[in-house]
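Asker:
In mature numbering (1 follows the signal peptide of the UniProt record, and there is no 0), the protein residues as written are -22 to -1, 1 to 362.
1. For residue 118, which beta-bridge partners are listed by DSSP?
2. Using three-state DSSP, classify residue 352 as helix, strand or coil.
3. Below 8 Å, can you find three or more Cβ-Cβ pairs linking the region 307 to 323 to the region 240 to 258?
4. Can you tell me where the beta strand (DSSP E) holding residue 254 begins and where it ends?
5. Between residue 96 and residue 87, what straight-line distance do the alpha-carbon atoms span, to the nearest angstrom?
6. Going by other Cβ atoms of all chains shown within 10 Å of its Cβ, with 16 needed for buried, is residue 205 buried or exposed?
7. Do residue 357 and residue 322 have their beta-carbon atoms positioned less than 8 Å apart in this structure?
8. For residue 265, which three-state DSSP category applies?
9. For the alpha helix (DSSP H) that contains residue 319, what are its first and last residues?
10. Assign residue 280 to one of two classes, buried (16 or more other C-beta atoms within 10 Å of its C-beta) or exposed (fewer than that).
11. Could you spell out where the beta strand (DSSP E) holding residue 89 opens and where it closes?
12. Closer than 8 Å by C-beta to residue 353: which residues in its own chain qualify, once you throw out the five before and the five after it? Chain order, please.
13. Taking 8 Å as the threshold, find out whether the region 226 to 240 comes into contact with the region 205 to 214 through three or more Cβ pairs.
14. Could you pull the start and end residues of the beta strand (DSSP E) that residue 242 belongs to?
15. Mind checking who residue 215 pairs with in its DSSP beta bridge?
16. Mark residue 65 as exposed unless 16 or more other C-beta atoms lie within 10 angstroms of its C-beta, in which case mark it buried.
17. Buried or exposed for residue 349, going by 16 or more other Cβ atoms inside 10 Å?
18. Tell me, which residues are paired with residue 39 by DSSP?
19. When the Cα atoms are used, what is the spatial distance from residue 343 to residue 169?
20. Please say whether residue 193 and residue 158 have beta carbons closer to each other than 8 Å?
21. In the DSSP assignment, find the unbroken beta strand (DSSP E) run with residue 181 in it and report its ends.
22. Quick one: what's got a C-beta closer than 6 Å to residue 156's C-beta in the same chain, skipping five residues either side?
23. Might you give, ordered along the chain, the residues of its own chain that have their beta carbon closer than 8 Å to the beta carbon of residue 34, omitting 5 neighbours on each side?
24. What does a CB cutoff of less than 6 Å around residue 181 pick up in its chain, not counting 5 residues either side in sequence?
25. Put residue 303 into one of helix, strand or coil per three-state DSSP.
26. Go ahead and pull the three-state DSSP assignment for residue 284.
27. Taking the alpha carbon of residue 160 as the reference point, which residue from 173, 336, 150, 44 has its own alpha carbon closest?
28. Does the Cβ-Cβ distance between residue 123 and residue 150 come in under 8 Å?
29. Give the C-beta separation of residue 394 and residue 190 to the nearest angstrom, bearing in mind that I take them to be a contact with Cβ-Cβ under 8 Å.
30. Check this for me: beta carbons of residue 121 and residue 67, under 8 Å apart or not?
31. Helix, strand or coil for residue -1 per DSSP?
32. For residue 306, count the other beta carbons within 10 Å of its own beta carbon; 16 or more makes it buried, fewer makes it exposed. Which is it?
33. Got a sec, what are the start and stop residues for the beta strand (DSSP E) residue 195 sits in?
34. Could you name the residues of the same chain whose beta carbon sits closer than 7 Å to that of residue 166, not counting the 5 residues immediately before and after it, in chain order?
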(Lines of atoms letter the chains of each structure in order from A and count residues from 1; the text may use other names and numbers.)
(Lines give C-alpha, C1' and ligand atoms only; values in the text may rest on other atoms or scores of the structure.)
Protein backbone atom coordinates (compact mmCIF):
# COMPACT_ATOMS: atom_id res chain seq x y z
CA UNK A 1 0.00 0.00 0.00
CA UNK A 2 1.30 3.45 -0.84
CA UNK A 3 2.06 5.72 2.07
CA UNK A 4 0.87 9.35 2.00
CA UNK A 5 3.98 11.52 1.74
CA UNK A 6 3.71 14.63 3.91
CA UNK A 7 7.30 15.33 4.94
CA UNK A 8 9.27 18.26 3.62
CA UNK A 9 11.62 17.32 0.86
CA UNK A 10 14.61 19.23 -0.35
CA UNK A 11 14.21 23.01 -0.57
CA UNK A 12 13.00 24.17 -3.95
CA UNK A 13 15.56 25.65 -6.26
CA UNK A 14 15.73 26.33 -9.97
CA UNK A 15 18.18 25.12 -12.52
CA UNK A 16 19.87 25.39 -15.86
CA UNK A 17 22.90 23.70 -17.32
CA UNK A 18 25.94 25.18 -19.01
CA UNK A 19 27.62 22.50 -21.12
CA UNK A 20 31.26 23.29 -21.78
CA UNK A 21 32.69 21.94 -25.02
CA UNK A 22 36.38 22.15 -25.92
CA UNK A 23 37.09 24.37 -28.90
CA UNK A 24 40.17 25.33 -30.83
CA UNK A 25 41.40 28.88 -30.49
CA UNK A 26 40.94 29.48 -34.19
CA UNK A 27 37.19 28.75 -33.85
CA UNK A 28 36.48 31.23 -31.06
CA UNK A 29 35.16 33.90 -33.40
CA UNK A 30 32.93 31.54 -35.34
CA UNK A 31 29.20 31.84 -34.81
CA UNK A 32 28.00 28.58 -33.25
CA UNK A 33 25.35 26.62 -35.11
CA UNK A 34 22.35 25.52 -33.08
CA UNK A 35 21.49 21.92 -33.81
CA UNK A 36 18.51 19.89 -32.68
CA UNK A 37 19.78 17.28 -30.20
CA UNK A 38 19.07 13.70 -31.20
CA UNK A 39 16.65 11.68 -29.08
CA UNK A 40 14.92 12.57 -25.84
CA UNK A 41 16.25 13.43 -22.44
CA UNK A 42 16.13 10.73 -19.79
CA UNK A 43 14.18 11.73 -16.70
CA UNK A 44 14.53 9.84 -13.42
CA UNK A 45 11.58 10.00 -11.02
CA UNK A 46 11.88 11.27 -7.44
CA UNK A 47 13.34 8.68 -5.10
CA UNK A 48 10.64 6.46 -3.64
CA UNK A 49 7.90 7.71 -5.95
CA UNK A 50 6.90 4.17 -6.97
CA UNK A 51 5.47 3.57 -3.49
CA UNK A 52 4.47 7.11 -2.52
CA UNK A 53 1.35 9.19 -2.95
CA UNK A 54 2.29 12.86 -2.69
CA UNK A 55 -0.14 15.08 -0.77
CA UNK A 56 0.89 18.17 -2.72
CA UNK A 57 -0.42 20.81 -0.31
CA UNK A 58 1.62 19.19 2.45
CA UNK A 59 4.83 18.63 0.49
CA UNK A 60 7.25 21.49 -0.06
CA UNK A 61 9.12 20.39 -3.17
CA UNK A 62 10.20 17.46 -5.32
CA UNK A 63 13.40 16.78 -7.23
CA UNK A 64 13.93 14.83 -10.44
CA UNK A 65 17.13 14.08 -12.35
CA UNK A 66 17.56 14.66 -16.08
CA UNK A 67 20.24 14.13 -18.66
CA UNK A 68 21.61 17.21 -20.46
CA UNK A 69 21.03 17.97 -24.16
CA UNK A 70 23.91 18.50 -26.61
CA UNK A 71 23.27 21.57 -28.79
CA UNK A 72 26.75 21.49 -30.35
CA UNK A 73 28.20 24.45 -28.46
CA UNK A 74 28.53 25.87 -24.98
CA UNK A 75 25.19 27.38 -23.95
CA UNK A 76 23.00 28.22 -21.00
CA UNK A 77 20.25 25.60 -20.97
CA UNK A 78 16.84 26.47 -19.59
CA UNK A 79 14.87 23.65 -17.98
CA UNK A 80 11.14 23.70 -17.31
CA UNK A 81 8.82 21.14 -15.73
CA UNK A 82 5.60 20.31 -17.58
CA UNK A 83 2.63 18.46 -16.09
CA UNK A 84 -0.29 16.66 -17.75
CA UNK A 85 -3.11 14.32 -16.78
CA UNK A 86 -2.38 12.14 -19.83
CA UNK A 87 0.83 10.39 -20.79
CA UNK A 88 0.78 11.88 -24.30
CA UNK A 89 0.78 15.47 -22.92
CA UNK A 90 -2.02 16.46 -25.29
CA UNK A 91 -2.89 19.16 -22.76
CA UNK A 92 -0.28 20.36 -20.30
CA UNK A 93 0.81 23.17 -18.02
CA UNK A 94 4.36 24.50 -17.64
CA UNK A 95 5.71 25.26 -14.19
CA UNK A 96 8.15 28.06 -13.44
CA UNK A 97 11.61 28.29 -14.96
CA UNK A 98 14.67 26.73 -13.35
CA UNK A 99 18.06 28.35 -13.69
CA UNK A 100 21.04 26.88 -11.83
CA UNK A 101 24.25 26.20 -13.75
CA UNK A 102 26.30 23.02 -14.03
CA UNK A 103 29.94 22.80 -14.96
CA UNK A 104 29.98 20.20 -17.74
CA UNK A 105 27.89 18.82 -20.56
CA UNK A 106 27.71 15.33 -19.12
CA UNK A 107 26.12 16.43 -15.86
CA UNK A 108 22.87 14.87 -14.70
CA UNK A 109 21.19 18.01 -13.38
CA UNK A 110 18.72 17.84 -10.54
CA UNK A 111 15.54 19.77 -11.29
CA UNK A 112 13.50 20.89 -8.28
CA UNK A 113 9.99 22.39 -8.28
CA UNK A 114 7.45 23.53 -5.73
CA UNK A 115 4.56 21.17 -5.03
CA UNK A 116 2.08 24.01 -4.46
CA UNK A 117 2.63 25.14 -8.05
CA UNK A 118 2.28 21.53 -9.23
CA UNK A 119 -0.96 21.24 -7.24
CA UNK A 120 -2.45 24.38 -8.78
CA UNK A 121 -1.51 23.30 -12.31
CA UNK A 122 -3.09 19.86 -11.82
CA UNK A 123 -6.27 21.47 -10.45
CA UNK A 124 -6.42 23.75 -13.50
CA UNK A 125 -6.02 20.79 -15.88
CA UNK A 126 -8.66 18.78 -14.01
CA UNK A 127 -11.15 21.65 -14.10
CA UNK A 128 -10.61 22.13 -17.84
CA UNK A 129 -11.22 18.43 -18.48
CA UNK A 130 -14.23 18.11 -16.17
CA UNK A 131 -16.46 21.08 -16.88
CA UNK A 132 -15.05 23.23 -14.09
CA UNK A 133 -15.41 20.60 -11.36
CA UNK A 134 -12.69 20.42 -8.72
CA UNK A 135 -10.68 17.24 -8.08
CA UNK A 136 -11.64 15.06 -5.14
CA UNK A 137 -9.13 14.33 -2.39
CA UNK A 138 -8.57 10.82 -3.77
CA UNK A 139 -5.18 9.85 -5.21
CA UNK A 140 -4.86 10.44 -8.96
CA UNK A 141 -2.13 9.98 -11.56
CA UNK A 142 -0.32 12.97 -13.03
CA UNK A 143 2.57 12.95 -15.47
CA UNK A 144 5.62 15.21 -15.44
CA UNK A 145 8.40 15.72 -17.94
CA UNK A 146 11.30 18.09 -18.52
CA UNK A 147 11.39 20.55 -21.42
CA UNK A 148 14.86 21.92 -22.25
CA UNK A 149 15.90 24.72 -24.57
CA UNK A 150 18.71 27.21 -25.08
CA UNK A 151 18.02 30.14 -22.79
CA UNK A 152 16.58 33.07 -24.73
CA UNK A 153 15.62 30.87 -27.68
CA UNK A 154 12.15 29.69 -28.66
CA UNK A 155 13.46 26.85 -30.81
CA UNK A 156 15.11 23.44 -30.49
CA UNK A 157 13.00 22.21 -27.60
CA UNK A 158 13.95 18.81 -26.20
CA UNK A 159 11.67 16.72 -23.99
CA UNK A 160 12.21 13.90 -21.56
CA UNK A 161 10.24 10.74 -21.10
CA UNK A 162 7.09 11.19 -18.97
CA UNK A 163 7.17 10.11 -15.33
CA UNK A 164 3.96 9.09 -13.55
CA UNK A 165 3.29 10.34 -10.02
CA UNK A 166 0.49 9.42 -7.63
CA UNK A 167 -0.76 12.69 -6.14
CA UNK A 168 -3.54 14.25 -4.10
CA UNK A 169 -4.38 17.66 -5.59
CA UNK A 170 -6.89 20.03 -3.99
CA UNK A 171 -8.57 23.25 -5.03
CA UNK A 172 -7.73 26.11 -2.68
CA UNK A 173 -9.82 29.28 -2.70
CA UNK A 174 -7.48 32.27 -2.71
CA UNK A 175 -8.68 35.11 -0.52
CA UNK A 176 -7.43 38.59 -1.43
CA UNK A 177 -5.66 40.73 1.12
CA UNK A 178 -7.57 43.73 2.46
CA UNK A 179 -6.46 47.30 1.70
CA UNK A 180 -8.00 50.54 2.97
CA UNK A 181 -7.76 54.10 1.65
CA UNK A 182 -6.80 57.05 3.80
CA UNK A 183 -6.97 60.73 2.82
CA UNK A 184 -10.04 60.25 0.64
CA UNK A 185 -11.84 63.59 0.31
CA UNK A 186 -9.63 65.03 3.02
CA UNK A 187 -10.22 62.30 5.64
CA UNK A 188 -6.76 61.44 6.97
CA UNK A 189 -8.07 59.66 10.07
CA UNK A 190 -7.04 55.98 9.95
CA UNK A 191 -10.14 53.77 9.70
CA UNK A 192 -11.68 50.81 7.90
CA UNK A 193 -14.37 52.94 6.24
CA UNK A 194 -12.86 53.03 2.76
CA UNK A 195 -12.05 49.53 1.57
CA UNK A 196 -10.42 48.99 -1.80
CA UNK A 197 -12.73 46.56 -3.59
CA UNK A 198 -10.86 43.46 -4.86
CA UNK A 199 -11.32 42.66 -8.53
CA UNK A 200 -8.79 39.80 -8.23
CA UNK A 201 -6.29 38.69 -5.61
CA UNK A 202 -3.88 41.45 -6.67
CA UNK A 203 -5.97 44.24 -8.27
CA UNK A 204 -8.22 46.61 -6.29
CA UNK A 205 -10.40 49.60 -7.12
CA UNK A 206 -12.48 52.39 -5.60
CA UNK A 207 -15.04 54.52 -7.46
CA UNK A 208 -16.37 57.78 -6.06
CA UNK A 209 -16.56 61.57 -6.39
CA UNK A 210 -13.09 62.84 -5.48
CA UNK A 211 -12.21 66.13 -3.79
CA UNK A 212 -9.50 67.68 -1.65
CA UNK A 213 -6.41 66.35 -3.09
CA UNK A 214 -4.72 63.03 -2.47
CA UNK A 215 -4.75 59.53 -1.00
CA UNK A 216 -2.62 56.73 0.37
CA UNK A 217 -3.63 53.21 1.37
CA UNK A 218 -2.67 50.48 3.82
CA UNK A 219 -2.80 46.74 4.17
CA UNK A 220 -5.33 45.94 6.90
CA UNK A 221 -2.57 44.82 9.29
CA UNK A 222 -0.73 48.14 8.81
CA UNK A 223 -3.55 50.64 9.42
CA UNK A 224 -2.19 53.74 11.23
CA UNK A 225 1.41 52.84 10.38
CA UNK A 226 2.55 55.60 8.03
CA UNK A 227 5.85 53.76 7.55
CA UNK A 228 3.95 50.99 5.75
CA UNK A 229 1.51 53.04 3.65
CA UNK A 230 1.40 52.83 -0.14
CA UNK A 231 1.69 55.99 -2.22
CA UNK A 232 3.85 57.34 -5.03
CA UNK A 233 7.36 58.77 -5.35
CA UNK A 234 6.34 62.44 -5.68
CA UNK A 235 3.97 63.78 -3.06
CA UNK A 236 0.76 65.08 -4.62
CA UNK A 237 1.50 63.72 -8.11
CA UNK A 238 -1.71 64.22 -10.12
CA UNK A 239 -0.77 61.90 -13.01
CA UNK A 240 -3.54 59.59 -14.22
CA UNK A 241 -1.18 56.62 -13.84
CA UNK A 242 2.06 55.85 -12.10
CA UNK A 243 4.19 53.53 -10.01
CA UNK A 244 3.19 52.58 -6.50
CA UNK A 245 5.75 53.09 -3.75
CA UNK A 246 5.54 51.50 -0.32
CA UNK A 247 6.76 53.51 2.63
CA UNK A 248 9.67 52.28 4.72
CA UNK A 249 11.15 53.19 8.08
CA UNK A 250 13.65 55.35 6.21
CA UNK A 251 11.26 57.14 3.85
CA UNK A 252 7.53 57.64 3.56
CA UNK A 253 5.85 57.41 0.17
CA UNK A 254 4.22 60.53 -1.21
CA UNK A 255 0.45 60.91 -1.41
CA UNK A 256 -1.18 60.06 -4.75
CA UNK A 257 -2.85 63.18 -6.11
CA UNK A 258 -6.36 63.26 -7.56
CA UNK A 259 -6.19 64.30 -11.26
CA UNK A 260 -9.20 66.65 -11.07
CA UNK A 261 -11.21 67.63 -8.00
CA UNK A 262 -14.98 67.45 -8.14
CA UNK A 263 -15.26 64.60 -10.66
CA UNK A 264 -16.04 60.89 -10.50
CA UNK A 265 -13.04 58.58 -10.88
CA UNK A 266 -12.13 54.94 -10.42
CA UNK A 267 -8.80 54.50 -8.65
CA UNK A 268 -7.19 51.13 -9.46
CA UNK A 269 -4.17 49.67 -7.66
CA UNK A 270 -2.27 46.68 -9.06
CA UNK A 271 -0.30 45.35 -6.10
CA UNK A 272 1.53 42.66 -8.06
CA UNK A 273 2.89 45.07 -10.67
CA UNK A 274 3.02 48.06 -8.28
CA UNK A 275 1.11 50.41 -10.57
CA UNK A 276 -1.96 52.63 -10.21
CA UNK A 277 -4.40 54.39 -12.53
CA UNK A 278 -7.18 56.96 -12.31
CA UNK A 279 -10.03 56.42 -14.78
CA UNK A 280 -12.54 59.24 -15.20
CA UNK A 281 -16.14 58.00 -15.40
CA UNK A 282 -17.96 58.74 -18.64
CA UNK A 283 -21.19 59.23 -16.69
CA UNK A 284 -20.54 62.12 -14.32
CA UNK A 285 -24.12 62.03 -13.04
CA UNK A 286 -24.63 58.49 -11.68
CA UNK A 287 -27.98 57.57 -10.13
CA UNK A 288 -28.17 58.65 -6.49
CA UNK A 289 -30.05 56.81 -3.76
CA UNK A 290 -31.27 58.20 -0.46
CA UNK A 291 -30.54 54.94 1.35
CA UNK A 292 -28.94 51.58 0.72
CA UNK A 293 -29.73 48.73 3.08
CA UNK A 294 -29.46 45.00 3.66
CA UNK A 295 -32.66 43.05 3.17
CA UNK A 296 -33.59 39.44 3.92
CA UNK A 297 -31.58 38.91 7.09
CA UNK A 298 -33.32 36.36 9.29
CA UNK A 299 -36.02 35.95 6.66
CA UNK A 300 -37.20 39.56 6.98
CA UNK A 301 -37.88 40.81 3.44
CA UNK A 302 -39.80 43.90 4.56
CA UNK A 303 -37.42 45.87 6.77
CA UNK A 304 -34.01 47.08 5.63
CA UNK A 305 -30.93 47.38 7.82
CA UNK A 306 -29.59 50.77 6.78
CA UNK A 307 -25.99 51.21 5.72
CA UNK A 308 -23.96 54.44 6.08
CA UNK A 309 -22.70 56.37 3.06
CA UNK A 310 -19.03 56.87 3.97
CA UNK A 311 -18.09 58.41 0.59
CA UNK A 312 -20.29 59.33 -2.38
CA UNK A 313 -21.98 56.09 -3.56
CA UNK A 314 -19.99 53.93 -1.12
CA UNK A 315 -21.86 52.32 1.77
CA UNK A 316 -20.68 50.55 4.92
CA UNK A 317 -22.10 48.75 7.93
CA UNK A 318 -20.77 46.60 10.75
CA UNK A 319 -23.50 44.18 11.73
CA UNK A 320 -24.11 40.84 13.39
CA UNK A 321 -26.02 38.18 11.48
CA UNK A 322 -27.39 35.76 14.08
CA UNK A 323 -28.26 32.84 11.80
CA UNK A 324 -27.51 31.53 8.32
CA UNK A 325 -29.57 33.60 5.92
CA UNK A 326 -30.27 34.91 2.44
CA UNK A 327 -29.41 38.53 1.79
CA UNK A 328 -29.46 41.30 -0.84
CA UNK A 329 -28.68 45.00 -1.12
CA UNK A 330 -31.71 47.26 -1.65
CA UNK A 331 -32.16 50.98 -2.41
CA UNK A 332 -34.61 53.40 -0.83
CA UNK A 333 -36.47 50.70 1.16
CA UNK A 334 -38.20 49.41 -1.97
CA UNK A 335 -37.85 46.92 -4.80
CA UNK A 336 -37.28 49.35 -7.65
CA UNK A 337 -33.55 48.70 -7.26
CA UNK A 338 -31.92 45.74 -5.53
CA UNK A 339 -28.70 43.81 -6.08
CA UNK A 340 -27.51 40.23 -5.61
CA UNK A 341 -25.72 37.52 -7.55
CA UNK A 342 -27.06 34.25 -6.16
CA UNK A 343 -23.68 33.21 -4.74
CA UNK A 344 -22.67 31.74 -1.40
CA UNK A 345 -20.69 34.54 0.24
CA UNK A 346 -18.82 32.04 2.40
CA UNK A 347 -17.19 30.67 -0.75
CA UNK A 348 -16.29 34.08 -2.20
CA UNK A 349 -16.83 37.12 0.01
CA UNK A 350 -16.34 39.76 -2.69
CA UNK A 351 -17.55 40.39 -6.20
CA UNK A 352 -20.09 42.29 -8.26
CA UNK A 353 -23.84 42.11 -7.67
CA UNK A 354 -26.38 42.15 -10.50
CA UNK A 355 -29.26 44.60 -10.70
CA UNK A 356 -32.30 42.75 -9.33
CA UNK A 357 -30.09 39.64 -9.18
CA UNK A 358 -30.54 36.50 -7.10
CA UNK A 359 -30.45 36.22 -3.32
CA UNK A 360 -27.02 35.62 -1.80
CA UNK A 361 -26.43 33.30 1.16
CA UNK A 362 -24.20 33.85 4.17
CA UNK A 363 -23.46 32.12 7.47
CA UNK A 364 -24.07 33.59 10.90
CA UNK A 365 -21.36 35.95 12.13
CA UNK A 366 -20.30 39.56 12.50
CA UNK A 367 -19.25 41.34 9.30
CA UNK A 368 -17.93 44.61 7.96
CA UNK A 369 -19.99 45.00 4.77
CA UNK A 370 -19.16 47.36 1.89
CA UNK A 371 -21.14 48.21 -1.27
CA UNK A 372 -20.63 50.61 -4.16
CA UNK A 373 -23.90 51.52 -5.91
CA UNK A 374 -22.15 52.66 -9.13
CA UNK A 375 -20.01 49.59 -9.80
CA UNK A 376 -22.15 47.26 -7.58
CA UNK A 377 -18.92 45.89 -6.10
CA UNK A 378 -19.18 44.50 -2.59
CA UNK A 379 -17.08 42.93 0.17
CA UNK A 380 -18.17 41.00 3.27
CA UNK A 381 -15.30 40.96 5.80
CA UNK A 382 -15.72 38.57 8.75
CA UNK A 383 -14.93 40.26 12.07
CA UNK A 384 -13.41 38.01 14.72
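Glycine included, C-beta positions come from ideal geometry on N, C-alpha and C. Note that the structure is predicted; figures quoted are calculated from it, not measured.
Answerer: With the structure as the only source:
1. 145
2. In the structure shown, the three-state DSSP call for residue 352 is coil.
3. Not touching, per the Cβ criterion.
4. 253 to 258
5. 20 Å
6. exposed
7. no
8. coil
9. Premise fails: residue 319 is in no alpha helix (DSSP H) and is neither H nor E.
10. exposed
11. 88 to 92
12. 175, 183, 185, 244, 330
13. The region 205 to 214 and the region 226 to 240 touch, with three or more beta-carbon pairs separated by less than 8 Å.
14. 241 to 248
15. 234
16. exposed
17. The residue is buried, with at least 16 neighbouring Cβ atoms inside 10 Å.
18. 92
19. 21 Å
20. For residue 158 and residue 193, no; Cβs fall outside 8 Å.
21. 181 to 188
22. 198
23. 93, 94, 96, 97, 100, 145, 146, 147, 148
24. Here the set comprises 248.
25. Residue 303 falls in the strand class under three-state DSSP.
26. strand
27. Ranking the options by Cα distance to residue 160, first place goes to 173.
28. Cβ distance not < 8 Å, so residue 123 and residue 150 don't count as in contact.
29. A query on residue 394 cannot be resolved here, the shown segment of the chain reaching from -22 to 362 and no further.
30. Result yes, Cβ atoms of residue 121 and residue 67 sit closer than 8 Å.
31. With a pLDDT of only 35 at residue -1, under 50, the local geometry of the prediction cannot be trusted, and the value read off the model is given with reservation. The answer is coil: DSSP assigns residue -1 none of H, G, I, E or B.
32. Per the 10 Å Cβ criterion, buried.
33. 192 to 197
34. So the qualifying residues of the chain are 160.
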